[in-house]
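Trainee: Take this structure first; my questions come after.
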Amino acid sequence: EIITPECREHKGKNNTLFVWDDLGIIAYTSNGELVNSLGFELEISTYKFSPKAIFSGTFTFNGEDIIEYYKTHENEREKTF
Numbered sequence: 049e050i051i052t053p054e055c056r057e058h059k060g061k062n063n064t065l066f067v068w069d070d071l072g073i074i075a076y077t078s079n080g081e082l083v084n085s086l087g088f089e090l091e092i093s094t095y096k097f098s099p100k101a102i103f104s105g106t107f108t109f110n111g112e113d114i115i116e117y118y119k120t121h122e123n124e125r126e127k128t129f
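Residue numbers are given in our numbering: position 33 of the sequence shown equals residue 81, and the series is strictly consecutive.
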């Protein structure tokens, strides 16, 4: 399922957050257009920018569960530090 464009926007000091309250997803961007990272709410938080619900979906990448993909494609990971 594709994430809909309807979301709540929270502008911070150094970035902008796009929040899908009902999906439990947060997207972080430094320029307001390109997403730098995604967050999935696993427990309810009380910050203004926190989604109102926890993530209850399934995250797949290239047709695989994201955790399984991560475990089985170690040679494809990009080192960031």
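Cβ coordinates follow ideal geometry from the N, Cα and C atoms, glycine included.
Every value quoted in this text rests on a predicted model; they were computed, and no experiment measured them.
Is there contact here, the stretch 115-126 with the stretch 87-98, by at least three beta-carbon pairs under 8 angstroms?
Mentor: no
Trainee: What span of residues does the beta strand (DSSP E) with residue 57 cover, start to end?
Mentor: 56-59
Trainee: Going by DSSP, what residues sit across from residue 75 in a beta bridge?
Mentor: 66 and 86
Trainee: Determine which residues share a DSSP beta bridge with residue 94 and list them.
Mentor: For residue 94, which the question treats as bridged, DSSP gives no partner whatsoever.
Trainee: Measure how close the beta-carbons of residue 65 and residue 97 come, nearest whole angstrom, since I'm counting them as under 8 angstroms.
Mentor: Contact holds; Cβ gap of about 5 angstroms.
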